[in-house]
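Quick notes on the structure that follows.
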Amino acid sequence: MVEYDPLNKNKISSEVPAGSHLDKAQEFETLSMTYLDALYRYALSLTRNKNDAEDLVQEAYLRAYRSFNTFQRGTNLKAWLFKILTNTFFTLYQKQKRYQAAEEKLKEEPDFSLFRDTEKEIASVPSVVRAFPILTRDNLENLLGDEVTKALDELPDEYRQALILCDVQDFTYQEIANILDVPIGTVRSRLFRARSMLQKSLWHYAEERGLWRRAS
Amino acid sequence: MINCDDAAKYFHEYLDKELSREDIWKVEEHLHKCRHCFGHVEFDRALRELLKKKMVETTLSPEIKQVIAKKLYQEVH
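From first to last, the protein sequence lines stand for chains A and B. Everything in the first sequence is counted per our numbering, starting at 1 for the first residue and increasing by one. Everything in the second sequence is counted per our numbering, starting at 1001 for the first residue and increasing by one.
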């Protein structure tokens, strides 16, 4: 519907007025520059390589700018930027195929029994924590700080990405599902497996260092 | 009150703040009474904090940020 402006006696155009691309650029820059570090950390988890991650952030950032008019004000800009970066990654590195293959493989696994097995393994943790109180919140960093990064690097790509989006970037499961374009159930299972694997490798490190021994 | 096995199924989602109010109540009731599980959850919470702390140390170099700002400028003009 065309609106009428009684003062101007002209049609009010719904089009963006000329020259506003400067405002748009400025608004975009103001809003999004603060997320560059977070985007870079996420890019690193995708590419596992510093140079590729830097290229990916640059490319994704410019793509985001070009489609900034499709961004709905008031919605989550950070999640929107992360989704664009994910899509850019898939386009640039053509990883989609490999990812889908990995997804299929996941589906083939008997999910429920796997879940129960992991649960069983996890059920042995509390006794570890109780029997070896040396691994407490306060000294965890001194004892296992470097190992945490190593253990994270060793996780399969899709598990590491989900974990970073959740634990480091504080996205909700639904936001992660949107960013990665997978069902929310897949997000849950990836996170569950990622955490189980991460904890398992940390126990191994702790064990190697003699911080605790399995009860025999 | 739910037992340790049932409570453990909720721990990840409890820490992720993805549980319903009712389930949060179930978990917290259990954690309040069970030191065993409380220790587990605290360990996991500490691990997450550590992970975040480690990750946040990584930042994009100022040079690349400048390149990005420049590219944006070129895009506009």
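Ideal Cβ placement from N, Cα and C applies to all residues, glycine included.
(message) I need the straight-line Cα distance from E147(A) to C1037(B), nearest angstrom please.
(response) Locating residue 147(A) in the first sequence gives position 147, counting from the first residue. Locating residue 1037(B) in the second sequence gives position 37, counting from the first residue. So the alpha carbons of these two residues sit roughly 24 Å apart.
(request) Buried or exposed for Q1074(B), please, with buried defined as at least 16 other CB atoms from any protein chain shown within 10 angstroms of its CB. (result) Residue mapping note: residue 1074(B) aligns to position 74 of the second sequence, counting from 1. Exposed, because fewer than 16 other Cβ atoms sit within 10 Å of the Cβ of Q1074(B).
(request) For I84(A), return the contacting residues in chain B, with the cut-off set at a CB-CB distance below 9 Å. (result) Start at 1 with the first residue of the first sequence, and residue 84(A) comes out as number 84. Within chain B, no residue comes near I84(A); the closest Cβ sits about 14 Å away, beyond 9 Å.
(message) Please confirm whether E1018(B) has its beta-carbon closer than 9 Å to some beta-carbon of chain A.
(response) As a first step, residue 1018(B) is located in the second sequence; it is residue number 18 there, counting from the start. The beta-carbon of E1018(B) is placed less than 9 Å from the nearest beta-carbon of chain A.
(request) State the Cα-Cα distance for the pair S113(A) and E1049(B), rounded to the nearest angstrom. (result) Counting from one through the first sequence, the residue named residue 113(A) turns up at place 113. Counting from one through the second sequence, the residue named residue 1049(B) turns up at place 49. Caution is warranted here: a pLDDT of 36 is assigned to S113(A), below 50, making its placement in the model unreliable, and the coordinate value is therefore given only provisionally. Here the alpha carbons of E1049(B) and S113(A) stand approximately 30 Å from one another.
(message) Taking its Cβ as the centre, do 16 or more other Cβ atoms sit within 10 Å of G145(A), making it buried, or is it exposed?
(response) The residue given as residue 145(A) occupies position 145 in the first sequence. Result: exposed.
(request) Answer yes or no: do M1001(B) and K1052(B) have a C-beta to C-beta separation smaller than 9 Å? (result) The count along the second sequence starts at 1 and reaches residue 1001(B) at position 1. The count along the second sequence starts at 1 and reaches residue 1052(B) at position 52. Contact: no.
(request) Return no unless some Cβ of chain B is closer than 9 Å to the Cβ of R195(A). (result) Counted from its first residue, the first sequence places residue 195(A) at position 195. In terms of beta-carbon proximity, R195(A) lines the interface with chain B, with at least one pair separated by less than 9 Å.
(message) If you follow the alpha helix (DSSP H) that E207(A) is in, where does it begin and where does it stop?
(response) Translated into the one-based positions of the first sequence, residue 207(A) becomes position 207. It spans I184 to E208 - the alpha helix (DSSP H) in which E207(A) sits, taken as one unbroken run.
(request) Pull up the distance between the alpha-carbon of I164(A) and that of S45(A), whole angstroms please. (result) Taking the first sequence and counting its residues from 1, the one referred to as residue 164(A) is at position 164. Taking the first sequence and counting its residues from 1, the one referred to as residue 45(A) is at position 45. If I take the Cα positions, the gap works out to 8 Å.
(message) Is the separation between the beta-carbon of L1072(B) and that of E29(A) shorter than 9 Å?
(response) Counting from one through the second sequence, the residue named residue 1072(B) turns up at place 72. Counting from one through the first sequence, the residue named residue 29(A) turns up at place 29. Going by C-beta atoms, L1072(B) is nearer than 9 Å to E29(A).
(request) If I'm right that L155(A) touches L198(A) with Cβ under 8 Å, what's the distance once you round it to whole angstroms? (result) If you number the first sequence from 1, residue 155(A) lands on position 155. If you number the first sequence from 1, residue 198(A) lands on position 198. With 8 Å as the limit, L155(A) and L198(A) qualify as a contact, their Cβ atoms being about 7 Å apart.
(request) Helix, strand or coil for P156(A), going by three-state DSSP, please let me know. (result) Indexing the first sequence from 1 puts residue 156(A) at position 156. Note: P156(A) maps to coil in three-state DSSP.
(request) Compile a chain-ordered list of the residues in the segment 153–167 of chain A whose CB is closer than 9 Å to at least one CB of chain B. (result) Cβ contacts with chain B come from L163, I164, C166 and D167.
(message) Among V1027(B), P1062(B) and T1058(B), whose alpha-carbon lies nearest the alpha-carbon of C1004(B)?
(response) To locate residue 1004(B), count along the second sequence from 1; it is residue 4. The alpha carbon of C1004(B) has as its nearest neighbour, out of V1027(B), P1062(B) and T1058(B), the alpha carbon of V1027(B).
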